[in-house]
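Using my numbering, read the sequence shown as starting at 278 and increasing by one per residue. First up is the structure itself, then whatever we jot down about it.
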Amino acid sequence: MTLHNSFKHALLKRKLLTGGWFMSGSTVMAELMANVGYDYLVLDIEHSTAQTYGLHALLQATAESETTALVRMASHDKTQIKFALDMGALSLCFPMVNTVAEAVELARACRYPPFGDRGFARMHRASRYNTIPDYVERINQEVCVIAQLETPQAMAAAMQIANVPGIDGLFVGPGDLAVALGHGGDVNHPQVREMMTEVAGFCRRAGTPLGTVLATPEQINWAYSIG
Numbered sequence: 278m279t280l281h282n283s284f285k286h287a288l289l290k291r292k293l294l295t296g297g298w299f300m301s302g303s304t305v306m307a308e309l310m311a312n313v314g315y316d317y318l319v320l321d322i323e324h325s326t327a328q329t330y331g332l333h334a335l336l337q338a339t340a341e342s343e344t345t346a347l348v349r350m351a352s353h354d355k356t357q358i359k360f361a362l363d364m365g366a367l368s369l370c371f372p373m374v375n376t377v378a379e380a381v382e383l384a385r386a387c388r389y390p391p392f393g394d395r396g397f398a399r400m401h402r403a404s405r406y407n408t409i410p411d412y413v414e415r416i417n418q419e420v421c422v423i424a425q426l427e428t429p430q431a432m433a434a435a436m437q438i439a440n441v442p443g444i445d446g447l448f449v450g451p452g453d454l455a456v457a458l459g460h461g462g463d464v465n466h467p468q469v470r471e472m473m474t475e476v477a478g479f480c481r482r483a484g485t486p487l488g489t490v491l492a493t494p495e496q497i498n499w500a501y502s503i504g
């Protein structure tokens with residue numbers, strides 16, 4: 278395990294990254310998917326059997342691969358955030374970030390003072406059980422916080438959320454966005470795509486990393502076309 282977050286550094290360099298989406302508690306499958314060539318693997322603990330009680334094992338299973346684990350949190354709960362970080366998560370994606378105030382709270386929850394209010398402990402997996410020199414300073418630099426935008430309110434506030442110190446990138450959830458707009462699960466609806474295109478344009482101009490989830494070749498080609 279290392280404190281060098283290759284996922285975050287690749288985002289900062291504006292590299293195009295391709296990831297997988299993992300929704301199981303199986304450590305065998307997590308290890309397999311982490312070794313097929315993805316840049317990152319989303320460990321979804323919001324909508325799957327991979328709840329927080331199994332996160333420690335999933336992070337262990339993916340640790341020796343070149344694929345970075347991106348933990349998709351189930352909520353904004355600070356206790357759950359602290360648990361994920363103590364278990365060794367370096368990159369976290371938070372669902373339903375709708376306001377600047379929420380983004381500020383999440384960015385601070387993932388960092389130690391003076392940049393945040395994460396609770397301190399020494400003996401956990403993240404610090405390799407207190408064997409990493411300058412752990413507090415290093416993890417504050419290496420932790421990566423992604424805000425997921427899933428509502429019209431969030432999309433309208435995308436520019437302000439992206440500018441919050443400690444928010445390292447944005448991720449659009451097209452499924453929830455489509456539902457919130459009244460289009461069921463139609464992620465290809467013109468209104469959904471119009472909003473995503475607008476946010477993608479802002480992110481491209483501002484140099485803000487942006488991601489989304491895609492399910493078909495057509496969706497992938499469309500996402501590439503808007504940047």
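All residues carry an ideal CB built from backbone N, CA and C; glycine is no exception. The structure displayed is predicted, hence computed values, not measured ones.
Check this for me: beta carbons of residue i and residue j, under 7 Å apart or not?
i, j, result
"D445", "V422", "yes"
"V381", "V420", "no"
"F448", "Q425", "yes"
"T326", "G302", "yes"
"G452", "V464", "yes"
"E379", "A351", "no"
"M432", "M373", "no"
"R388", "N417", "yes"
"R402", "G365", "yes"
"T474", "I438", "no"
Do you know whose CA, among the options, lies nearest residue i's CA?
i, options, result
"D370", "H333, Y406 and D321", "Residue identity check: residue 370 is Cys in the sequence provided, not Asp. The residue with the shortest Cα to Cα distance from C370 is D321."
"M436", "R470, A398, H286 and G478", "G478"
"L335", "A307, T345, I358 and N312", "A307"
"D316", "A434, L294 and L362", "L294"
"H333", "L289, D363 and K285", "D363"
"V348", "S342, E341, L367 and D463", "L367"
"T428", "D394, F360, V456 and A500", "V456"
"N407", "R399, V413 and E414", "R399"
"M300", "Y501, G393, A346 and G488", "A346"
Along the chain, where does the beta strand (DSSP E) that runs through residue i open and close?
i, result
"C421", "C421 to L426"
"Y317", "Y317 to D321"
"G446", "G446 to V449"
Where does residue i land, buried or exposed, given buried means 16+ other C-beta within 10 angstroms?
i, result
"R309", "Looking at the sequence provided, one finds Leu at residue 309 rather than Arg. With fewer than 16 other Cβ atoms within 10 Å, it is exposed."
"P390", "exposed"
"G484", "exposed"
"G314", "exposed"
"K292", "exposed"
"T344", "buried"
"F397", "exposed"
What are the boundary residues of the alpha helix (DSSP H) that residue i is part of?
i, result
"V476", "P467 to A483"
"S304", "Ser is not the amino acid found at residue 304; the sequence shown has Thr there. Here the alpha helix (DSSP H) through T304 covers T304 to M310."
Self-check item: Secondary structure, alpha helix (DSSP H): runs of 4+ residues fully inside the region 347 to 375
Solution: Within the region 347 to 375, the runs of alpha helix (DSSP H) at least 4 residues long that lie entirely inside it are, in chain order, 355 to 363.
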